[in-house]
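The structure appears right after this line, and notes come after that.
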Amino acid sequence: MSSTTRRGFIRQGLVGSAALGILNNQKGAMMAAVAPAPPTPRSQPLRSGGQGKATAEVLVTGKAIRQGFGGVGFHAQMFFETATQEFVEQVLAKRWHELNPRFARIFHSWAPGEPGKRDAKVLEALARQMVLMKEASGTEIYLTTNELKDTVSPQDLRAYADAVVDDLEYLLNRGATNLKYYCCTNELSLIEWADMHNDLPRFRAYHQAIAEEIKERKLPIKLLATDASPTEYWGTIEWATKNMDEISGIYGGHHYINEHAPDNLEFYKWFLGRCRWAVELAKSKGKDFILGEFGPAQYFDLKYGLRWDTCKYYGTPLEGIAGVQLVEAAMAAINAGVYAMGYWTFMDYPDRSLEHGINQWGVFKWLTNGTEVRAPYYAYGLLTKFFRGPGTVFQVEGGDELLHVAALQHDAGKTWSLAVLNRHPQATPVAMRFEGLREPLAFRKYVYDPRRIPLTEDGDLQEAEGKVQSQDGRVQDTVEGGTLAVYTTAYDDAAPAPVKGLTVARIRDIRLSGESAEANRLTWTASPETDLCYYRIYHNGVRIGSTAATEFLDTGPTRRQRGPYSVVAVDQSGNAGKPGA
Numbered sequence: 034m035s036s037t038t039r040r041g042f043i044r045q046g047l048v049g050s051a052a053l054g055i056l057n058n059q060k061g062a063m064m065a066a067v068a069p070a071p072p073t074p075r076s077q078p079l080r081s082g083g084q085g086k087a088t089a090e091v092l093v094t095g096k097a098i099r100q101g102f103g104g105v106g107f108h109a110q111m112f113f114e115t116a117t118q119e120f121v122e123q124v125l126a127k128r129w130h131e132l133n134p135r136f137a138r139i140f141h142s143w144a145p146g147e148p149g150k151r152d153a154k155v156l157e158a159l160a161r162q163m164v165l166m167k168e169a170s171g172t173e174i175y176l177t178t179n180e181l182k183d184t185v186s187p188q189d190l191r192a193y194a195d196a197v198v199d200d201l202e203y204l205l206n207r208g209a210t211n212l213k214y215y216c217c218t219n220e221l222s223l224i225e226w227a228d229m230h231n232d233l234p235r236f237r238a239y240h241q242a243i244a245e246e247i248k249e250r251k252l253p254i255k256l257l258a259t260d261a262s263p264t265e266y267w268g269t270i271e272w273a274t275k276n277m278d279e280i281s282g283i284y285g286g287h288h289y290i291n292e293h294a295p296d297n298l299e300f301y302k303w304f305l306g307r308c309r310w311a312v313e314l315a316k317s318k319g320k321d322f323i324l325g326e327f328g329p330a331q332y333f334d335l336k337y338g339l340r341w342d343t344c345k346y347y348g349t350p351l352e353g354i355a356g357v358q359l360v361e362a363a364m365a366a367i368n369a370g371v372y373a374m375g376y377w378t379f380m381d382y383p384d385r386s387l388e389h390g391i392n393q394w395g396v397f398k399w400l401t402n403g404t405e406v407r408a409p410y411y412a413y414g415l416l417t418k419f420f421r422g423p424g425t426v427f428q429v430e431g432g433d434e435l436l437h438v439a440a441l442q443h444d445a446g447k448t449w450s451l452a453v454l455n456r457h458p459q460a461t462p463v464a465m466r467f468e469g470l471r472e473p474l475a476f477r478k479y480v481y482d483p484r485r486i487p488l489t490e491d492g493d494l495q496e497a498e499g500k501v502q503s504q505d506g507r508v509q510d511t512v513e514g515g516t517l518a519v520y521t522t523a524y525d526d527a528a529p530a531p532v533k534g535l536t537v538a539r540i541r542d543i544r545l546s547g548e549s550a551e552a553n554r555l556t557w558t559a560s561p562e563t564d565l566c567y568y569r570i571y572h573n574g575v576r577i578g579s580t581a582a583t584e585f586l587d588t589g590p591t592r593r594q595r596g597p598y599s600v601v602a603v604d605q606s607g608n609a610g611k612p613g614a
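Counting the sequence shown from 1 gives a position; my numbering is that position plus 33.
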C-alpha cells in the first residue's frame, strides 16, 4: 500500500481485474498449484449456550508446520519527524510495547519528489523508530521504498542502487540492526501502482543492482521479491523464483479481503490455500514467505473532495467483526507456514491535506483525531502480543470448518500460545489435547468479543478472564460464539517492584503554550524489570496517563489540585506493581 496510491481492484473487489491486465498465465499456474485446504479444526463454544452440544476434540500434533516463526505484526510508519515527544512516548511507544509485535514493515522514502536524494531528517527519524522497535520488542524490520526512481541508463541505475544502499547502511550504523529485509519498491510500482507486474525484468534489474551493492558492502540484508498485491498478482512471485532466486533472500506478497465479507465462512479455507501455495513455492527454493500487508476490504473513494483510503468497515456496525476477519486471515497465514505478517497499519497516517489523500487504516487514530482505539486493536493485538516469535507453529487436527485453531510453542521457556476462533453463532465446548504433553499447565485466557469491545482510553489490551488448567495434556473450555479466545502460558504472575525516585516539579516548557504553558513534570528512576511494558501515572488516585518513558508532563485540568502523584510499573504479562512515589 501507499499513502497516496493503492493496490487495485478498488471498490469492486475483482470486477476490474481483466482491465488491469492480470498475468493470466502466471495466475493460472498459481491457481492450479493451490492444494485444497485441509479441514480446519473443529470445535464448539462454552458455558453460555453450550448445553447439548458435543465437545469438539482438537489435537495439537507434534508435527511442526514451521520452525523459526517470526511473528504477527504491522506495517508501522510512526512519522517521528513530525510527531511530538509526548505522542511518541505516551501513545506510539506505549502501544508498541503493549502489543509487542516482533515483525514490522516500514517505508523508506526520499526527499519529496526527488527519488534517489536522501531526506536526512526523515531518515534520522526512521532510524530512531527502528531502534525503538528493536529495544522495545526485538522487532524485525522489512523495509521497502515508497518512491522508486525511474532510471534512464545503466549508469543511472547503478548510482540509484548506490544511494539506496547508502541509506540502508546508514540505518544499520545508527543501531537499526533489526533491519533484515528490503524490497526496491512497494507492490511492484514504478510510475503507476503495480506497473512493473508487466515488466518483471525491470524489477529484477533494480534488485540485481542493489544486490550487487549489498554484497560489495557485506550488509546482512536479504532482498524480498516481489511485494505483489493482491493474490491475483502473486504469479509474479513464481516468476521471481524462476528468474531471480539467486538474488532473492525471501519472498512476499500482500492481499486485501475485497472478495469476502467479514461474515463469509468460506474465507478461511480460501486464504489458507493461497498462503499455503506461496509458502510451498518459497520453500521449494529454501526460502521463507512474508505476508507483508493484509487487511479487510478497502474503501477507496472521494470524501470531502479527498481520496479516502480506509477499511470500509471502520466507523460502521461491522467494525467489530472486521477484527474477527483480520484474526481469521492471520490464523490462516500462521497455519499455512508464513514466516511473518503485517497488518496495514499500526496507526492512521497523519492527515495531510496538501497530498489530497487520507489514509486511515490504523488500529488507532493519529494524534489530531484523538488517538482513539479501533476494535481490531483488541483482536489482532492478542495475536501480535502472544503469537510472537521465535517459535514453532504446530499442526492442529480435528474440529470443524467453523472453528479455527492455531498453536505456537515459543522458543523462550517452551511456553505455549493457542488461538481459538469460533465462527459458530453459539457457544461450543472444546477439548484441546497436546500430543506427547502430560505436565499440567495453567493457561491464561483472553477473549475478544465483537459485541463487547473494551475500547480502553490508553490502549491497554483487555485483561485475562482467568485461567484454564490442563490435565493429562488436555485443555477443556467453552468458547463463546463469534469470539476469539487466546490461551497462553507465556506469562508470569509476579508484579513489578514499586517505582522509585519520583519527583514532581512545576515547570514552563517550550513544548507548552496557552493556558497549559505551565505543567507538572514528573520524573522517576527506570524500572529494572526485564519485562517492563510501560508506566501508569496517577494523581490523587486517578489515572491520568501512560507512558513508555520515565518522564510525564501533567498538563491536564486537575494539575493545580493538591494531592499526591504516583507511578505504577506494568510488565508484559499485564501485572501492575504497587504505586511508587
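The beta carbon of each residue, even a glycine, is placed where N, CA and C say it ideally should be.
| Query | Result |
| --- | --- |
| Since I believe F322 is in contact with Y284 (beta carbons under 8 Å), could you give me their beta-carbon distance rounded to a whole number of angstroms? | 5 Å |
| Is L454 close to chain C? Criterion is C-beta to C-beta, closer than 9 Å. | Chain labels in this structure do not include chain C; a single protein chain is all it has. |
| Counting only runs of 4+ residues fully inside the segment 262-342, write out the alpha helix (DSSP H) ranges in chain order. | 268-276, 300-316 |
| Just to confirm my understanding: we take P439, look at its own chain, exclude 5 residues before and 5 after, and list those with CB closer than 8 Å. What are they? | Per the sequence presented here, residue 439 reads as Ala, with Pro not at that position. Result list for A439: M364, I367, N368, F420, V426, V429, L451, A452, in chain order. |
| Tell me which residues share the same chain as F120 and place their Cβ nearer than 7 Å to its Cβ, disregarding the 5 neighbours each side in the sequence. | L400 |
| When you compare the segment 120-139 with the segment 196-207, are there three or more beta-carbon pairs, one atom per stretch, that lie closer than 8 Å? | no |
| What is the DSSP secondary structure of D228, reduced to helix, strand or coil? | helix |
| Suppose contacts are defined by Cβ-Cβ distances below 9 Å. Is I243 in contact with L257 by that definition? | no |
| Which same chain residues end up closer than 7 Å to G506 when comparing Cβ atoms and leaving out the 5 residues on each side of it in sequence? | R466, F467, L470, R471 |
| Kindly list the residues whose CB is nearer than 6 Å to the CB of E352, restricted to its own chain and excluding five residues on each side of it in sequence; keep chain order. | Y346, A408 |
| I'd like the span of the alpha helix (DSSP H) that includes G356, first residue to last. | 352-369 |
| Note down, one range per segment and in chain order, each beta strand (DSSP E) of at least 3 residues found wholly within the segment 428-495. | 436-443, 449-455, 461-467, 475-481 |
| Quick one: is Q504 buried, meaning 16 or more other Cβ sit within 10 Å of its Cβ, or exposed? | exposed |
| How should N206 be labelled, buried or exposed, when 16 other C-beta atoms within 10 angstroms of its C-beta is the threshold for buried? | exposed |
| Indicate whether the contact test is met: 3 or more Cβ pairs, each with one atom in the segment 562-570 and one in the segment 522-533, closer than 8 Å. | yes |
| Out of curiosity, what's the CA-to-CA distance linking V600 and D433? | 47 Å |
| How long is the line joining the alpha carbons of L339 and A614, rounded to whole angstroms? | 49 Å |
| On a Cα-Cα basis, can you pick out the residue from P187, N455, E271, K167 that is closest to Q358? | N455 |
| Pairing CB atoms from the segment 269-284 with CB atoms from the segment 297-315, are three or more of them under 8 Å? | yes |
| Taking only the alpha-carbon atoms, compute the straight-line gap between H443 and G422 and give it to the nearest angstrom. | 6 Å |
| Taking C-alpha atoms, which residue in Y479, T378, Y175, W449 lies nearest to Y372? | Y175 |
| So, Y520 versus V508, is the Cβ gap smaller than 9 Å? | yes |
| By Cβ distance, which residues of its chain are closer than 7 Å to F112, with the 5 residues on each side in sequence left out? | P383 |
| What are the uninterrupted segments assigned as beta strand (DSSP E) that are 3 or more residues long and contained completely in the segment 203-253, given in chain order? | 212-216 |
| Just to confirm the assignment: which complete alpha helix (DSSP H) runs, minimum length 4, are found wholly within the segment 75-160? | 126-132 |
| Name the DSSP bridge partner or partners of D587? | N553 |
| Compare the beta carbon distance of V603 and R569 with 9 Å and say whether it is the shorter of the two. | yes |
| Following the continuous beta strand (DSSP E) through L517, name the residue where it begins and the one where it ends. | 517-521 |
| Considering just the uninterrupted stretch of the alpha helix (DSSP H) at L416, what are its terminal residues? | 409-419 |
| What first and last residue would you give for the beta strand (DSSP E) that runs through V501? | 499-502 |
| So, at 8 Å on beta carbons, what are the nonlocal neighbours of K96 in its own chain, with the 5 sequence-adjacent residues on each side left out? | F427, Q428 |
| Quick one: using the 10 Å Cβ neighbour count with 16 as the cut-off for buried, is D232 buried or exposed? | exposed |
| What does the alpha-carbon distance come out to for the pair V91 and E245? | 49 Å |
| Going by CA-CA distance only, name the one from G306, P253, P234 that's closest to T274. | P234 |
| Around the Cβ of D296, are there at least 16 other Cβ atoms within 10 angstroms (buried) or fewer (exposed)? | exposed |
| Rank T378, Y193, T349 by C-alpha distance to the C-alpha of E326 and give the top, closest one. | T378 |
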